[in-house]
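Which chain is which? The protein sequence lines are B and S, in order.
Quick note on numbering: this note's numbering labels position 45 of the first sequence as 45, and the sequence is numbered without any gaps.
Quick note on numbering: this note's numbering labels position 126 of the second sequence as 321, and the sequence is numbered without any gaps.
Glycine included, each C-beta is placed from N, C-alpha and C at the ideal position.
Everything numeric in this text was worked out from a predicted model, so none of it was measured.
Report on the following structure.
Protein chains: 2
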Amino acid sequence: MSTRDTGTEQLIKDTAKHLFFAEGKLHATTQEIADAAGVNRTLVNYYFRSRDILFDQVFNEAQDVFSTTLDEVFESNIPFKEKIRNLINAFTEETKEYPYRQLFIITEMNRDLVLYSKRSRVNKVKEFIDEIQVEMDNGELRKMDPRQFIINLFSLMAHPLITAPLQKAIFGMNDDEYAKLMEERKELIFETIFR
Amino acid sequence: MSTRDTGTEQLIKDTAKHLFFAEGKLHATTQEIADAAGVNRTLVNYYFRSRDILFDQVFNEAQDVFSTTLDEVFESNIPFKEKIRNLINAFTEETKEYPYRQLFIITEMNRDLVLYSKRSRVNKVKEFIDEIQVEMDNGELRKMDPRQFIINLFSLMAHPLITAPLQKAIFGMNDDEYAKLMEERKELIFETIFR
DNA sequence: CTTTTGTTTAACAATTTTGTCAAACTCAAA
DNA sequence: TTTGAGTTTGACAAAATTGTTAAACAAAAG
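So this is what it looks like as structure tokens:
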């Protein structure tokens, strides 16, 4: 069967991603998704058969984009510090656009609906760990479990973006003020990580 | 009207907290809560009238416990470094037990169902910021926006616990190995924060 | 212009989840 | 032991959400 490509299928998927990852509405109903997309709810079933299948597709694509972004940084053949700088930039921008994506992945993992695809990310991480170890041996980094280094890095990048609403409330800041703070963090994270 | 206190009301509330905060099942149904508590679902309505009211109570109590824990640390009249050490301990233990509590608070905030009670946490935070500023002026801390210091601290503490399932998958670790890593972090966070 | 095929819509059915009610039950007080 | 207030239960009703179907529609092909 051929297709006429009215763009509706992609529109629904993009809208779902926006609701889930950008607005944090992790349990939006098909009606809410359809309304946000400005289409008839039945089209969700027409294109995706069921809500669960839409969920799965969005979930998997989210993981792929996320993985690809990180891989491009990891695999680039440039000095370690530059690599980290690129990572901070790429990750921050990604997370700014979709702050709740990781959160979505985690909650879905907790529902046991999706078995986390061990698409052997483990191996690529091992390479990154080795690279970090070399830097530590050369005295470029404070010695510690390289996994702690990675955890530190991602914590400093991701957490303030994931918890943005909470932080804004605690500090009494508006969106612009917080965005500025996040921009300043890029350099600050770099300095913190490298002592 | 007096009460006979069979413990059922508290049991339901505790079970809900456990599902939400410990297991991350943020959208557990009343049936699931009742089953987990081993009681008839109707009792949820008997004690709380509606599911939303149960949600609100659990949500508010979560905020209160969280706030109280932090306040006790903030208000204690001890040297700054000790205060931070206590904070790291208290916060880590709390988050270990209920890793998804903050996540729950955030997603609820995004549903616009609950207006974040600005119970003037802002003021207490201001005092803490001042205290940090003094330390920076005295050269005890690297100079930066004190809010960044706070964000760094909470990011390093909370994020690896919130994203535990993800991290375990990425690093290929089991529960015990990850718990050990988290324990080692307490000291590591302290050192990272104080350069 | 007619046909064909893919798309969209509304009405309907099925399922899931929540809320209500009266009856049964339990335990303490009279 | 009876009475009575609070508790628990199952049956039922209501609401919300999802899934299905047939008919209307739109655009390309013949």
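Nearest to residue 205/S by C-alpha distance, out of 218/S, 232/S and 216/S, is 232/S. In terms of beta-carbon proximity, residue 10/B stays away from the interface with chain S, with every pair separated by 9 Å or more. Judged by pairs of C-beta atoms under 8 Å, the region 268-287 of chain S touches the region 313-327 of chain S, as three or more such pairs exist. With contacts defined by Cβ atoms closer than 9 Å, residue 155/B and residue 353/S form a contacting pair. A check of alpha carbon separations from residue 337/S across 389/S, 256/S and 236/S identifies 389/S as the nearest.
Residue 299/S is a Cβ neighbour of residue 215/S, given a cutoff of 9 Å.
Against chain B, the beta carbon of residue 362/S has neighbours under 8 Å at 151, listed in chain order.
In the structure shown, residue 75/B falls within a helical segment according to DSSP collapsed to helix, strand and coil. Contact with chain B is absent for residue 228/S, since none of that chain's Cβ atoms lies less than 9 Å from the residue's Cβ. Identification of chain S residues near residue 101/B by a Cβ-Cβ cut-off of 9 Å yields none; the smallest Cβ-Cβ distance measures about 11 Å.
Interface criterion not met: the Cβ of residue 334/S is under 9 Å from no Cβ in chain B.
Annotation for residue 320/S: the continuous alpha helix (DSSP H) segment containing it runs 316-332. Chain order gives the chain S residues near residue 158/B as 350, 354 and 358, where near means a beta carbon separation below 9 Å.
Any Cβ of chain S closer than 9 Å to the Cβ of residue 84/B would place that residue at the interface, and such an atom is absent.
With its beta carbon at least 9 Å from every one in chain S, residue 136/B lies outside the interface.
Listed along chain S are 361, each with a C-beta nearer than 8 Å to that of residue 105/B.
For residue 283/S, no chain B residue has a Cβ inside 7 Å of its Cβ, as the nearest lies near 13 Å away. At a Cβ-Cβ threshold of 9 Å, residue 362/S and residue 88/B do not count as neighbours. Of all alpha-carbon atoms in 317/S, 230/S, 241/S and 228/S, the one lying nearest the alpha-carbon of residue 171/B is that of 317/S.
The beta carbons of residue 256/S and residue 212/S sit closer together than 9 Å.
Within the region 227-285 of chain S, the alpha helix (DSSP H) runs of at least 4 residues that lie entirely inside it are, in chain order, 237-243 and 246-270. Residue 264/S is outside the set of residues whose beta carbon lies under 9 Å from a beta carbon in chain B. Considering only 65/B, 34/B, 178/B and 63/B, the residue with the shortest C-alpha distance to residue 51/B is 34/B. Contact residues of the region 363-386 of chain S toward chain B are 364, 365, 366, 367, 368, 376, 379, 380, 383, 384 and 386 (C-beta to C-beta distance below 9 Å). A straight line joining the alpha-carbon of residue 8/B with that of residue 301/S spans about 31 Å. Nearest to residue 290/S by C-alpha distance, out of 278/S, 357/S and 276/S, is 357/S. Listed in chain order, the non-local C-beta contacts of residue 192/B below 7 Å within the same chain comprise 156, local neighbours out to five positions each way being set aside. If you draw a 10 Å sphere on the C-beta of residue 179/B, you find fewer than 16 other C-beta atoms in it, and that means exposed. Around residue 27/B, the beta-carbon contacts reaching into chain S at under 9 Å are 221, 222, 302 and 306. The straight-line gap separating the alpha-carbon atoms of residue 237/S and residue 90/B is approximately 50 Å.
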